[in-house]
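Trainee: Could you have a look at this structure, given as structure tokens, before my questions?
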Amino acid sequence: MTENPYTPFDPVAIEQGLQTRMLGRTIFCFGSVGSTNDRAHVLAESGAVDGTLILAEEQTRGRGRRGRDWHSSPGRGIWLSLILRPEFPATQAPGLSLVAGLSLAETIEDFAGISAEVKWPNDCLVNNKKTAGILTELSAEKQKINYIVLGMGVNLAHRNTDFPPELRDIATSVEVEANRAIDRVGFLQNLLLHLEKNYDRFSLEGLTPLIEPYSSRCNLIGCQITTQIGAKSITGKALRIDDSGALVIESNGRETPLTAGEITQIRK
Ligand code: BT5
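Residue numbers (this note's numbering): 256 to 523.
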């Protein structure tokens, strides 16, 4: 691990210059936590308001999907969770991962000036390496959403050697790719603004207006991909993202919409 004399997050500094209406208007900053998503669930259950932001310098048990770990070293990244209390039904919630992925890519482009890609459904890549990940968790009864915890992890100021050896070939950070220092607070403020704009549109109109900007950054479109559906493995050509956020693939002359899953192999 390289030395890292970072400036800790300060809620007052974040609020200054924050241009959002709702996201991040209430902020909790922690030093070290297990997982910001776990903290967010506790706060949401005790009534935290819509848009509450939970940030940590370090996570000791940062979570990915399906029980996987998320490496979250101190002061290098942006490890955040947002509590959302939307009006839309629970069936619309899966689209939020795409909204978050698009917002991350737009922020990397806008704030760091480098191009970014989304890997359906929930990764953000730069130069084919993972720069950010998204973990959306839902509390709902029938179709009524109580709250959503939207977790996002951004590798911002890591050098390659700050990642554990097993991640060095597949992970990267915004600073490595931009080849310059990036202001963490400025990046966070920009991310919240992009996210709020896209989230407001998504809440009113669904995914339809966001499909084009998402698809134009999606590294899978036009590729041969392999995915698992239950015990079955399917290989096909990724054609498009449909209005529900599903990845439509063509396999043996038939179109199949994938609603979730892991894309294991990609060939151009
Ligand atoms: C994700 O899972 O990509 C979701 C990551 C969400 C992290 C945020 S941080 C704030 C909030 N609080 C949490 O506890 N979580 C959220 P998945 O698609 O399952 O990817 C996990 C895989 O990515 C791991 O198995 C590793 O291979 C790889 N990985 C782990 N840490 C990484 C990192 N920092 N950068 C790039 N890749 C990483």
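Backbone N, C-alpha and C define an ideal beta-carbon position, used for all residues, glycine too.
1) Among Q274, W375, H296, S358, which one has its Cα closest to the Cα of A501?
2) So Y454 and A299 are supposed to be a Cβ contact under 8 Å. How far apart are they, rounded?
3) Enumerate in chain order the residues of its own chain whose CB-to-CB distance from D497 is below 7 Å, with the five nearest sequence positions on each side excluded.
4) For the ligand BT5, is there a heavy atom less than 7 Å away from the beta-carbon of G516?
5) Please go through the same chain and pick out, in chain order, the residues whose beta-carbon is closer than 7 Å to the beta-carbon of F343, but skip the five residues on each side of it.
6) Helix, strand or coil for F283? Go by DSSP, reduced to three states.
7) Can you tell me whether H218 sits near the ligand BT5, meaning its C-beta is under 7 Å from at least one heavy atom of the ligand?
8) Would you kindly work out how many angstroms separate the C-alpha atoms of L465 and V354, rounded to a whole number?
9) Can you tell me whether E372 is helix, strand or coil according to DSSP?
10) Considering only DSSP beta bridges, list what A387 is partnered with.
11) Can you list, in chain order, the residues of its chain whose CB lies under 7 Å from that of T257, leaving out five sequence neighbours each side?
12) Residue ranges of each alpha helix (DSSP H) run of no fewer than 4 residues wholly in the region 455-485, ordered along the chain?
13) For a minimum of 3 consecutive residues, which ranges assigned as the beta strand (DSSP E) are wholly contained in the region 308-338?
14) What residue range does the beta strand (DSSP E) around R276 cover?
15) Hey, quick one: how far does the alpha helix (DSSP H) through V297 stretch, first residue to last?
16) Tell me T496's beta-bridge partners as DSSP assigns them.
Mentor: Straight from the coordinates:
1) W375
2) Rounded, the Cβ-Cβ distance is 17 Å, inconsistent with contact.
3) V503, P512
4) no
5) S458
6) strand
7) Residue 218 cannot be examined here, being either before or after the span of the chain that is shown, 256 to 523.
8) 8 Å
9) strand
10) C379, V409
11) Because the pLDDT of T257 is 46, which lies under 50, any placement of that residue in the model is unreliable, and the number read from its coordinates should be weighed accordingly. Once the five neighbours on either side are set aside, the close Cβ partners of T257 are R414, T416, D417.
12) 463-470
13) 308-314
14) From DSSP, R276 is part of no beta strand (DSSP E); its letter is neither H nor E.
15) 291-300
16) Strictly speaking, residue 496 in this sequence is Ile, with Thr absent from that position. The partner list for I496 (beta bridge, DSSP) reads L502.
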